[in-house]
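Engineer: Take the sequence shown: its position 52, counted from the start at 1, is 231 in my numbering, and no numbers get skipped. Yeah, the Cβ is synthetic: ideal placement off N, Cα and C, and Gly gets one too. To start, I am sharing the structure in question, which I have written as structure tokens.
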Amino acid sequence: MEREVVVDLQDTIGYRFKNENLLRNALTHSSYANEKRGSGISSNERFEFLGDSVLGLIVAEYLYLRYPDLSEGDLTRMRASLVCEQNLAHAAGAIDLTRHLLLGKGESRNDGRSRSSIAADSVEAVIAALYLDGGYAVAQKFVKTFIIDGKGEKAKDYKTLLQELIQREPGHSISYEAVSESGPAHNRVYTVRVLIDGEPAGEGTGRSKKSAEQGAAREAFEKRRPD
180 MEREVVVDLQ DTIGYRFKNE NLLRNALTHS SYANEKRGSG ISSNERFEFL
230 GDSVLGLIVA EYLYLRYPDL SEGDLTRMRA SLVCEQNLAH AAGAIDLTRH
280 LLLGKGESRN DGRSRSSIAA DSVEAVIAAL YLDGGYAVAQ KFVKTFIIDG
330 KGEKAKDYKT LLQELIQREP GHSISYEAVS ESGPAHNRVY TVRVLIDGEP
380 AGEGTGRSKK SAEQGAAREA FEKRRPD
């Protein structure tokens, strides 16, 4: 890979690598490494493995600190929406990442740069390279900028998603009502119902009212989401 391309990507993500070989390795798809077998070139698959774990930790920590009232189930769903293939591919597009990938000739002919799975995997590989070169804080900044703030923050907020979906047609209303509250004071469990135009549309249960509302909104949204 030409050094100009490596420099260009570093400018885009806002970080200068001390060891640019880490970034080159992160951008080397297995199809390219296979074509160059015997040349000492390694694919980015091990980087993907590490990056997946680093990404999961960063997102889990962010959600845990950002939403102290949400249940484990809600946090798990939020994390899944942030680290899913679609969201990572969106982040790859934001930094034009696939343009910088080293792909094999066959993969290039098969339009590999447009495959969301390759784009998502390459994001994980770059996260690993950032972590290895600059440490946790550097990887964390990248994830926060391009994955959390870039799209995912909105993707997991089902109350907002439901509100936007319903408001596509004027005149509809959304409200939430408590259904039940149980358990000891230190371990309360709440059940909330969401109403659309006064009619029950979904229910959610959680260890906080906010968590229960998110669950109710999620159920209602999933029933109505566009295909």
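(1) Residues in its own chain within less than 7 Å of S296 by CB, not counting five upstream and five downstream?
(2) In this structure, what does DSSP give as the bridge partners for P379?
(3) Apart from the five residues on each side of it in sequence, which residues of its chain come closer than 8 Å, Cβ to Cβ, to I375?
(4) Give the range of the alpha helix (DSSP H) segment to which S250 is assigned.
(5) Which runs of the alpha helix (DSSP H) fall wholly inside the region 221–271 and span at least 4 residues, in chain order?
(6) Decide yes or no for the touch test of the region 313–323 against the region 249–256: beta carbon pairs closer than 8 Å, at least 3 of them.
(7) Short of 7 Å in beta carbon distance, which residues of its chain neighbour A364, apart from the five on each side in sequence? Order them along the chain.
(8) In chain order, what residues of the same chain have a beta carbon less than 6 Å from the beta carbon of E332, not counting five sequence neighbours either side?
(9) Suppose you measure from the CA of A212 to the CA of V322; what does that come to, to the nearest Å?
(10) For a quick check, are the C-beta atoms of E303 and D253 less than 8 Å apart?
(11) Could you check which residue in I327, L188, R404 has the C-alpha nearest to that of A380?
(12) Would you mind listing the alpha helix (DSSP H) stretches within the region 272–332 that are 4+ residues and don't spill past its ends, in chain order?
(13) State the DSSP-derived secondary structure class of Y211, mapped to helix, strand or coil.
(14) Tell whether a beta-carbon distance below 8 Å holds between A391 and Y337.
Structural biologist: In this structure, then:
(1) As a working note, residue 296 is residue 117 in the sequence shown. Taken in chain order, the residues that qualify are E264.
(2) Within the sequence shown, the letter at position 200 stands for residue 379. Partner residues in the beta bridge of P379, as assigned by DSSP, are L374.
(3) As a working mapping, residue 375 is identified with position 196 in the sequence shown. Short of 8 Å from the beta carbon of I375, and not among the five residues preceding or following it, lie these beta carbons of its own chain, in chain order: I345, H351, S352, I353, A399.
(4) As a working mapping, residue 250 is identified with position 71 in the sequence shown. Note, S250: premise wrong, no alpha helix (DSSP H); not H, not E.
(5) Listed in chain order, the complete alpha helix (DSSP H) runs (minimum 4 residues) inside the region 221–271 are 224–245, 251–262.
(6) Short answer: they don't touch.
(7) Position 185 of the sequence shown, counting from 1, holds the residue named residue 364. Correct list: empty, nothing qualifies.
(8) Translated into positions along the sequence shown, residue 332 becomes position 153. With a pLDDT of only 44 at E332, under the threshold of 50, the placement of this residue in the model should not be trusted, and no figure is reported.
(9) Counted from its first residue, the sequence shown places residue 212 at position 33. Counted from its first residue, the sequence shown places residue 322 at position 143. Approximately 27 Å between the Cα atoms of the pair.
(10) Reading the sequence shown from its first residue, position 124 is the one you call residue 303. Reading the sequence shown from its first residue, position 74 is the one you call residue 253. With contacts defined as CB atoms closer than 8 Å, E303 and D253 fail to qualify as a contacting pair.
(11) Position 201 of the sequence shown, counting from 1, holds the residue named residue 380. That would be R404, whose Cα lies nearest to the Cα of A380.
(12) Taken in chain order, the complete alpha helix (DSSP H) segments of 4 or more residues contained in the region 272–332 are 284–288, 295–313, 315–322.
(13) Numbered from its first residue, the sequence shown carries residue 211 at position 32. Reduced to three states, the DSSP call for Y211 is helix.
(14) Locating residue 391 in the sequence shown gives position 212, where the first residue counts as 1. Locating residue 337 in the sequence shown gives position 158, where the first residue counts as 1. The Cβ atoms of A391 and Y337 do not sit closer than 8 Å to each other.
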